[in-house]
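Structure, rendered in structure tokens:
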């Protein structure tokens, strides 16, 4: 009975993502012939979209790996002064939306910014007489994305490293492995699911991004999707491009799953860590530099720029209206975070106790939502909901003479559904490594002692998963808060959020006035970060 | 008995709070214009008519998609856009109603509204050429551009700053070139323009003005209201300085005129409050609203006889292209294709 219930729940959760994807497919088949659009794209801009997207992915993968793994490794393997501070400070850039950091760095570094201004006035030069890197470029996009997306890798890899048993490293040492060998042959391979989960979140977000890349004039596949829809006026063409993007991601995901099909990573560490080496001298200095860099460039510097702007140019709305904006933002983000995390838990648990093809397939499909640009998700959600609402209304009118109007479209339900389509991946990716580390033997023991499947989930998994659950909640909360394209289009009347406010001013090219809303997003994003910190501090294994 | 009185009073009191919610006159807007920008206009409307305004602002095509899918149950009364092309698309999609309004037909010039009275232009946005002081003082008058077509002349190599072709203002400028000169000439023009760009297209209109003022290029293409808002009192000092270094050049004054587009509005076909919808659009075309467009947003009014502020006056009168604005919508996909072919990113 419970198994049947679980199976039904998984199907229902899958439907949340499957319906929008199906409506994308139907949209891609609709309308006039799109062969013109395709032949035009293929002969002009498509090769460039693909090349740029691949380069962006390679760059962001390297950047987030470098920043995320190095910081997670230092924080989890060593003892040093200020460790608790760094443990949470490294999460701060997570609260920074990509488009906001793009604006902030452009303000600082472009031709009219204070840095180049200083160079010109100090050396008495004028433009063109000195070399300065162009921030609005592919390289600039790689840097800003890496700076705000590495926390995914850091957060997930850190908990994976903490749950590795020190015995493994000790064993490796007995076999004469050097520290580097232990790192590259034991620690990293064991953390692979977490590393992959983190990097793929970072990559999907970069691929789906529109705000930052379009501001930088970097033509990715997603800017192509927007352009095909808005510019070429071909919704069908845009849907086809979105499906091509999805298929590409699906292939990557499947390849990765296939490459570790036989591996298992059940390694919950039960012992307190005793092997954390104390860092001193030069090594300590080096470690501090590695830890400081991402926090400084991903958080402190852009926030300072925002602060300067906010002080000079207050949002014309004034503080009082901000209460409403904050309340809207926080409530919708909190609801989404709780629902997304619960659904992810159900989905992963169902797969654990009852691994069927359909469950695995649904999980993979759900995992794709994050790579789809927000506006495409919004339209994909809109279509089935409106169809349902209008059909229901027609039936009620014909049979009972009453009208239900639009029951779900145009309400917060529609908006939250769209968030779920995008962010279920995030909660699943955050929970999955944690789940994988819980040995099946615990489930068996609990079942032998008479627990039913949901009892196992409640009494055994839930307590063990607490850190992963909190990370999942945190990431989804922050992501929802930053989300823009779907929020803009699906929200109810007069429902404004901080992201909407920041976008309205920034897209009108009033960056300084947009700073206050941006800063507030960052500040509100700090609340769950602080919450998480407390939990990390309690985590004995840390 | 006492309890009964209490309950009745409470019920009456709460009814007096709730009833305005139901009896209230309202109008629902889907707006591609930023809420912040049109707020002053909407507040003035509510003040005058007591009609409450509900609004969702977002990107035009997505809003249009929402209307199409919501179909007969859509709550929207008025669609506001930032360009005529999107109104043309809304008309094509069959979501706009025909409006019988003598007021609108009288106030708004024929070329700035739909022939079937499905949409109406409400403010004019001009996209002229802007030259930096430095460029002007170092370039003889006959060497400077005078028309859009001059921008493709190789003698302006490395002199032009213009934003990405993702932007709708560039798309409609391109569409107007196609309409006025034909596809082949338009492609040649785009090729020449791309060859003259001082940098890869990036940033917004203000960024082009700043880059020109600082000498990265001599010629910038931008909408005039951006220049105006950079000159406004509360604008950052650096923006003000940059804007002061620029001069507007009205192109094609002896031929078809400077390129203009309009922001505009249409009434939704399934509008639940059609009367209020028409009242709103009529208000937006009235003297009071047109003055706000001109003096707060620095756009050009859609009608003659509205007093302009001193800044807009200082830029002088200009001849605007009288092209039928529906053409811009129709040619938009073609414009994007040409820009793709020319490598204008």
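Residue numbers (my numbering), protein chains in the order written: chain Y, 251 to 792; chain G, 4 to 348. Glycine included, C-beta positions come from ideal geometry on N, C-alpha and C.
Under 8 angstroms by Cβ, that's how I've got residue i and residue j pegged, so tell me the actual separation to the nearest angstrom.
i: residue 133/G; j: residue 223/G; result: 5 angstroms
i: residue 400/Y; j: residue 317/Y; result: 4 angstroms
i: residue 679/Y; j: residue 447/Y; result: 4 angstroms
i: residue 805/Y; j: residue 457/Y; result: Because chain Y in this structure spans residues 251 to 792, residue 805/Y falls outside the shown range and cannot be described.
i: residue 163/G; j: residue 201/G; result: 6 angstroms
i: residue 715/Y; j: residue 685/Y; result: 7 angstroms
i: residue 673/Y; j: residue 579/Y; result: Actually they do not touch by this definition, with Cβ atoms about 15 angstroms apart.
i: residue 142/G; j: residue 221/G; result: 7 angstroms
i: residue 204/G; j: residue 348/G; result: 6 angstroms
i: residue 627/Y; j: residue 619/Y; result: 7 angstroms
i: residue 242/G; j: residue 209/G; result: 7 angstroms
i: residue 771/Y; j: residue 732/Y; result: 7 angstroms
i: residue 57/G; j: residue 76/G; result: Actually they are not in contact, since the Cβ atoms of residue 57/G and residue 76/G sit about 16 angstroms apart, beyond 8 angstroms.
i: residue 504/Y; j: residue 444/Y; result: Contact doesn't hold; Cβ gap of about 19 angstroms is too wide.
Pick out whichever of the options has its Cα sitting closest to the Cα of residue i.
i: residue 280/Y; options: 489/Y, 595/Y, 408/Y; result: 489/Y
i: residue 187/G; options: 263/G, 337/G, 244/G, 260/G; result: 337/G
i: residue 691/Y; options: 752/Y, 452/Y, 602/Y; result: 602/Y
i: residue 623/Y; options: 340/Y, 649/Y, 461/Y; result: 461/Y
i: residue 418/G; options: 60/G, 142/G, 269/G; result: Not covered by the structure: residue 418/G. The range shown for chain G is 4 to 348.
i: residue 739/Y; options: 37/G, 29/G, 30/G, 246/G; result: 37/G
i: residue 582/Y; options: 664/Y, 682/Y, 315/Y, 644/Y; result: 664/Y
i: residue 40/G; options: 253/G, 312/G, 292/G, 208/G; result: 292/G
i: residue 638/Y; options: 598/Y, 269/Y, 689/Y, 475/Y; result: 269/Y
i: residue 61/G; options: 770/Y, 771/Y, 734/Y, 278/Y; result: 734/Y
i: residue 472/Y; options: 491/Y, 466/Y, 545/Y; result: 491/Y
i: residue 68/G; options: 309/Y, 660/Y, 710/Y, 670/Y; result: 660/Y
i: residue 285/G; options: 148/G, 258/G, 48/G; result: 48/G
i: residue 300/Y; options: 474/Y, 390/Y, 754/Y, 339/Y; result: 474/Y
With burial defined as no fewer than 16 other Cβ atoms inside 10 Å of the residue's Cβ, what is the status of residue i: buried or exposed?
i: residue 774/Y; result: buried
i: residue 119/G; result: exposed
i: residue 25/G; result: Confidence at residue 25/G is low in this model, with a pLDDT of 43, below 50, so the placement of that residue should be treated as unreliable; the coordinate-derived value is given next. Flag for residue 25/G reads exposed.
i: residue 604/Y; result: exposed
i: residue 146/G; result: exposed
i: residue 373/Y; result: exposed
i: residue 53/G; result: exposed
i: residue 451/Y; result: buried
i: residue 508/Y; result: exposed
i: residue 367/Y; result: exposed
i: residue 729/Y; result: buried
i: residue 308/G; result: exposed
i: residue 253/Y; result: exposed
i: residue 335/G; result: buried
i: residue 784/Y; result: exposed
i: residue 267/G; result: buried
i: residue 265/Y; result: exposed
i: residue 267/Y; result: buried
i: residue 213/G; result: buried
i: residue 93/G; result: buried
Could you work out which residues of chain B lie near residue i, taking near to mean beta carbons separated by less than 7 angstroms?
i: residue 64/G; result: The structure shown contains no chain B; its protein chains are Y and G.
In chain order, what are the residue ranges of uninterrupted alpha helix (DSSP H) at least 4 long that sit wholly in the segment 709-740 of chain Y? For the segment 709-740 of chain Y, whole alpha helix (DSSP H) runs of length 4 or above, ordered along the chain, are 712-732, 735-740.
Which of the residues in the segment 464-484 of chain Y, read from start to end, lie with their CB under 8 angstroms from any CB of chain G? If the cut-off is 8 angstroms between Cβ atoms, the segment 464-484 of chain Y has 464, 465, 466, 467, 469, 473, 476, 477, 479, 480, 481, 482, 483, 484 near chain G.
Which complete alpha helix (DSSP H) runs does the segment 371-423 of chain Y hold, if anything under 4 residues is left out? Complete alpha helix (DSSP H) runs here, min 4: 388-412.
With 8 angstroms as the limit, tell me which residues of the segment 531-542 of chain Y have their beta carbon closer than that to any beta carbon of chain G; keep them in chain order. Legend: CB atoms of the segment 531-542 of chain Y lying less than 8 angstroms from CB atoms of chain G are not found in any residue.
As an exercise, report each continuous beta strand (DSSP E) stretch of at least 3 residues that is fully enclosed by the segment 78-162 of chain G, in chain order. Runs found: 81-84, 123-129, 132-135.
For the segment 327-348 of chain G, which residues have a CB atom closer than 7 angstroms to at least one CB atom of chain Y, in sequence order? Hits within the stretch, in order: 335, 336, 339, 340, 343, 344, 348.
Against chain G: residues of the segment 272-304 of chain Y by CB proximity under 7 angstroms: The residues in question are 290, 294, 295.
Pull out every residue of the segment 239-258 of chain G whose Cβ sits closer than 8 angstroms to any Cβ of chain Y, in chain order. Taking 8 angstroms as the cut-off between beta carbons, the residues of the segment 239-258 of chain G near chain Y are 239, 241, 245, in sequence order.
Positions along the segment 729-756 of chain Y whose CB lies within less than 7 angstroms of some CB in chain G: Of all residues in the segment 729-756 of chain Y, the ones placed with a Cβ closer than 7 angstroms to any Cβ belonging to chain G are 738, 739, 741, 743, 744, 754, 755, in chain order.
Interface residues of the segment 68-84 of chain G facing chain Y [CB-CB below 8 angstroms]: Within the segment 68-84 of chain G, the residues whose Cβ lies closer than 8 angstroms to some Cβ of chain Y are 68, 69, 72, 73, 74, 75, 76, 77, 78, listed in chain order.
Return the residues of the segment 627-638 of chain Y that lie within a Cβ-Cβ distance of less than 9 angstroms from chain G, sorted by chain order. Listed in sequence order: 628, 629, 632, 633, 635, 636, 637.
Contact residues within the segment 193-219 of chain G, judged by C-beta distance below 9 angstroms to chain Y: Taking 9 angstroms as the Cβ-Cβ cut-off against chain Y, the residues of the segment 193-219 of chain G that qualify are 202, 203, 204, 205, 206, 207, 208, 209, 210, 213, 214, 216, 217, 218, 219.
Of the residues that make up the segment 380-399 of chain Y, which ones have a beta carbon closer than 9 angstroms to any beta carbon in chain G? Residues of the segment 380-399 of chain Y with a C-beta less than 9 angstroms from any C-beta of chain G: 384, 386, 387, listed in chain order.
Under 7 angstroms (Cβ pairs) to chain Y, residues found in the segment 166-177 of chain G: Those residues of the segment 166-177 of chain G placed with their C-beta closer than 7 angstroms to a C-beta in chain Y are 167, 169, 174, ordered along the chain.
Write down every uninterrupted run of the beta strand (DSSP E) in the segment 557-585 of chain Y whose length is 3 residues or greater and which is fully enclosed by it, in chain order. The DSSP assignment places no complete run of the beta strand (DSSP E) inside the segment 557-585 of chain Y (cut-off: 3 residues).
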